[in-house]
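Q: Just so we're on the same page, our numbering is the position in the sequence shown counted from 1, plus 858. Think of the CB as a built atom: it goes at the ideal place given N, C-alpha and C, for glycine as much as any other residue. Please see the structure below; I have some questions.
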Amino acid sequence: MAVTVTINGETRHLGDSVSVAALLTGMGLDPKKIAVERNHEIVPRSQYDATAVGEGDKLEIVQFIGGGNAVEPALPVDKPLVIAGKTFRSRLIVGTGKYKTYAQNAAALEASGAEMVTVAVRRVNLTDPSQERLVDFIDPKKYTYLPNTAGCFTGEDAVRTLRLAREAGGWTLVKLEVLGDKKTLYPNMIETLHATELLLKEGFQVMVYCSDDPLMAKRLEEIGACAIMPLAAPIGSGLGVQNPVGIRMIVEEAKVPVIVDAGVGTASDATVAMELGCDAVLMNTAIAEARDPIMMARAMKHAIEAGRLAYLAGRMAKKRYADPSSPLAGLI
């Protein structure tokens, strides 16, 4: 009588009930080189002849293999930078601190080609209400203002700051950073997660400065952050990407934009971040404290573009020894 069994997840129809030994022989398998599990119980090799395979049985037949098959990675697909539903042409975001003047800041911003700028929220100088203001030099109608919480060391202060920012300019797209200590300016991730949840409940769209920990980054995405912003190195250090492995892992898992934030010092650092697959780079000190901020802003623009192209093209494999570019065959 015909029986139906499941072998390695596939349904098979046998002409009649057979022994494990007969089944293996019929499939061209050497019983000495495999192991068999029947209905979640191991079948000893000595019992192959005596063990019948009947209706509804589930078998797993396994063997040793040498690891796994090599898979050629697919080239990445170029996608536009979309943050909170808005598309940006430039993948460079710049800050507005540390410049000698607002005029210099505006000139560097224009040279960079960036469309988004971070802005801090500070008390109005009541003793000199006529002093220059950022909005007089950088038009919020032309550029996307990104209010941030620079200098906040508690989630409560960060949330208060962004509530004021929304009241002042109507902005709901914000950058959250909650710092852990004054020496490293590393993010306090416990406070950051809590503040992110509060802001999301209040209708903010939150881009979050975070550690380069892939698990923390994933958690931020899961609770609703619209962009993940891992540090490359301590804020203002100019040390460049210190943990490329962590950044790459964050990029591979994220379904929202990954933007390297903090630690970029020069154009090559920005290129490295983009070659890792980051969607954008945010920087301030690297431009503002360059000897020529406007020229550096221009360099950063090209570095971001070059890094993105290199990432999309796929770099050559690294080799331990020389590999001649010209063929040796036919050499005189």
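Less than 8 Å between the CB atoms is what I'm expecting for ALA1146 and TYR1003, so what's the real figure, rounded?
A: That pair is no contact at about 17 Å.
Q: Go through its chain and collect everything with a Cβ distance to ARG903's Cβ below 7 Å, but skip five positions before and after it.
A: The residues are PRO889.
Q: Are THR1007 and LEU1034 close, meaning C-beta to C-beta below 7 Å?
A: Result yes, Cβ atoms of THR1007 and LEU1034 sit closer than 7 Å.
Q: Keeping to the same chain, check which residues put their C-beta closer than 7 Å to that of GLY1098; ignore five residues upstream and five downstream.
A: Correct list, in chain order: ALA1090, ALA1091, GLY1121, VAL1122, GLY1123, ASP1127 and VAL1130.
Q: Among LEU1043, LYS1040, GLU1049 and VAL1116, which one has its Cα closest to the Cα of GLU1014?
A: Of the listed residues, the one whose Cα sits closest to GLU1014 is GLU1049.
Q: Which parts of the segment 867–925 are runs of the alpha helix (DSSP H), unbroken and 4 residues or longer, counting only runs that do not cross its ends?
A: 878–884, all fully within the segment 867–925.
Q: If you compare alpha carbons, which of ALA1175, LEU1140, SER1184 and CYS1136 is closest to ASP936?
A: Comparing Cα positions, the closest option is CYS1136.
Q: Is it a yes or a no for the segment 904–919 touching the segment 1143–1162, going by three-plus beta-carbon pairs under 8 Å?
A: No, they do not touch.
Q: Can you tell which of PRO1115, ALA1083 and LEU1134 has its C-alpha closest to the C-alpha of GLN1100?
A: Comparing Cα-Cα distances from GLN1100 to each of PRO1115, ALA1083 and LEU1134, the minimum goes to LEU1134.
Q: Applying the criterion that 16 or more other CB atoms from any shown protein chain within 10 Å of the CB defines a buried residue, is TYR1067 buried or exposed?
A: That one is buried.
Q: Is the segment 1170–1186 touching the segment 1150–1162, taking contact as three or more C-beta pairs under 8 Å?
A: Not touching, per the Cβ criterion.
Q: Going by C-alpha distance, which of LEU933, SER875, ILE900 and ARG1021 is nearest GLU918?
A: Ranking the options by Cα distance to GLU918, first place goes to ILE900.
Q: Ignoring anything shorter than 4 residues, give me the alpha helix (DSSP H) runs that lie fully in the segment 925–972, in order along the chain.
A: Here the runs fully enclosed are 960–970.
Q: What three-state label does DSSP hand ALA1148 in the structure shown?
A: Note: ALA1148 maps to coil in three-state DSSP.
Q: Using CA atoms only, rank isn't needed, just tell me which of ALA1171, GLY1094, ALA1112 and TYR906 is closest to VAL952.
A: Comparing Cα-Cα distances from VAL952 to each of ALA1171, GLY1094, ALA1112 and TYR906, the minimum goes to GLY1094.
Q: Taking the Cβ atom as the reference point for each residue, do LEU1056 and VAL1064 lie within a distance shorter than 7 Å?
A: No, these two residues do not count as a Cβ contact at 7 Å.
Q: Apart from the five residues on each side of it in sequence, which residues of its chain come closer than 8 Å, Cβ to Cβ, to PRO1169?
A: Position check: residue 1169 holds Tyr in this sequence, whereas Pro was assumed. If we look at TYR1169 and ignore the five residues flanking it on each side, its Cβ neighbours are PRO934, MET1132, GLU1133, LEU1134 and GLY1135.
Q: Along the chain, where does the beta strand (DSSP E) that runs through LYS1033 open and close?
A: Taken as a continuous stretch (DSSP letters only), the beta strand (DSSP E) holding LYS1033 covers 1031–1034.
Q: Starting from ALA1175, trace the alpha helix (DSSP H) in both directions and tell me its first and last residue.
A: That residue, ALA1175, is in no alpha helix (DSSP H); it is neither H nor E in DSSP.
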